[in-house]
Amino acid sequence: NAGVTQTPKFQVLKTGQSMTLQCAQDMNHEYMSWYRQDPGMGLRLIHYSVGAGITDQGEVPNGYNVSRSTTEDFPLRLLSAAPSQTSVYFCASSRRGIYEKLFFGSGTQLSVL
Amino acid sequence: AQRVTQPEKLLSVFKGAPVELKCNYSYSGSPELFWYVQYSRQRLQLLLRHISRESIKGFTADLNKGETSFHLKKPFAQEEDSAMYYCALSGVQGAQKLVFGQGTRLTINP
Chain A
6 NAGVTQTPKF QVLKTGQSMT LQCAQDMNHE YMSWYRQDPG MGLRLIHYSV
56 GAGITDQGEV PNGYNVSRST TEDFPLRLLS AAPSQTSVYF CASSRRGIYE
106 KLFFGSGTQL SVL
Chain B
227 AQRVTQPEKL LSVFKGAPVE LKCNYSYSGS PELFWYVQYS RQRLQLLLRH
277 ISRESIKGFT ADLNKGETSF HLKKPFAQEE DSAMYYCALS GVQGAQKLVF
327 GQGTRLTINP
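Residue numbers (my numbering), protein chains in the order written: chain A, 6 to 118; chain B, 227 to 336.
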């Protein structure tokens, strides 16, 4: 099993550009989530999903969109990138929710110039 | 609002010494608490959960509701314990949201 796969690992964007961070899991997990990690701030929840077709906002959702059309995939879209979105992004999944073990991806390092 | 505070950004102890990583939380209800760990060049992974009352790799954590704390402890540190440790809280029942602390980097000196 590959577990949780994030692509790309690194990305540089210009202000105003759009892009999608990909997250896929092959464990048939219902719960998927996106976090951003900034220096000195730990991980902050952006969006999460408890199953295909169901998404909800986390702590810091502004500037990001998500969708969950399949159980396996949970892409994160930046519609118009801003320098404040420079961060390391992590995708995580679990079988049914946060009370079960979260499996994390390896992260995407995003720089917005 | 739910908040998790890890007051130490860096913690350094000698091999064989006891380790305590502090975690304080802010939540008025009954919290569920977790410790996650990231070893060098590895992914973030669950270390232990309050609801499981388990001990993993010699680590334990006790929920103290009076002091709103969930400190992580190990009686004898090992070099392989060097890592970044995050405390996390889920407060509102049924809400699938984890709030993480800022993390503590633990270094075990030989």
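Every residue gets a Cβ at the ideal spot worked out from N, C-alpha and C, and that includes glycine.
Determine the extent of the beta strand (DSSP E) in which A:Y40 is found, giving its start and end residues.
-> Its beta strand (DSSP E) spans residues Y36 to D43.
Compile a chain-ordered list of the residues in the region 60 to 71 of chain A whose CB is closer than 7 Å to at least one CB of chain B.
-> G63
Would you kindly work out how many angstroms separate the C-alpha atoms of B:K248 and B:L237, rounded to a whole number?
-> 10 Å
Chain-order list of residues whose beta-carbon lies under 7 Å from that of A:K106 (same chain, five-residue window excluded) | S99
At 9 Å on the CB atoms, spell out the chain B contacts of A:K106, in chain order.
-> Within chain B, the residues whose beta carbon sits less than 9 Å from that of A:K106 are Q271, L272 and R275, listed in sequence order.
With a cut-off of 8 Å, do at least 3 Cβ pairs link the region 255 to 272 of chain B to the region 299 to 310 of chain B?
-> yes
Going by the beta-carbon positions, is the gap between A:T20 and A:L118 smaller than 8 Å?
-> yes
Could you say which of A:Q27, A:G58, A:Q42 and A:P88 lies nearest to A:I51 if we only look at CA atoms?
-> A:Q42
Three-state class that DSSP yields for B:E306 in the structure shown = Helix, per DSSP.
Three-state secondary structure (DSSP) at B:I277?
-> helix
Under 8 Å by Cβ, that's how I've got A:M32 and A:F79 pegged, so tell me the actual separation to the nearest angstrom.
-> Not confirmed; about 13 Å, so no contact.
Short Cβ contact (8 Å threshold) for B:L315 with B:P257 = yes
Residues that DSSP places opposite A:V117 in a beta bridge | Per DSSP, A:L18.
Just mark A:R73 as buried or exposed, buried being the case when its beta carbon has 16 or more other beta carbons within 10 Å.
-> buried
To the nearest angstrom, how far is it from the Cα of B:V239 to the Cα of B:T231?
-> 21 Å
Throw me the rounded Cβ distance for the A:L115 and A:C28 pair, which I believe falls under 8 Å.
-> In fact, because the Cβ distance is near 13 Å, the residues do not count as touching under 8 Å.
Just to confirm, are A:V71 and A:S54 a CB contact at a threshold of 8 Å?
-> yes
In the DSSP assignment, what residue or residues form a beta bridge with B:K362?
-> Because residue 362 of chain B is not part of the residues shown, which for chain B are 227 to 336, the question remains open.
Bridge partners - B:E258, DSSP secondary structure assignment = B:S316
So, is the C-beta of B:E293 closer than 8 Å to a C-beta in chain A?
-> no
CA-to-CA distance, A:G112 to A:T60, given in whole angstroms | 21 Å
Name the residues in the region 304 to 317 of chain B whose C-beta lies less than 7 Å from a C-beta of chain A; which are they?
-> Along the region 304 to 317 of chain B, going in chain order, the ones with a CB nearer than 7 Å to a CB of chain A are Y312 and S316.
8 Å Cβ shell around A:G102 - same chain, five flanking residues per side excluded = Same-chain partners within the cutoff: E35, Y36 and V55.
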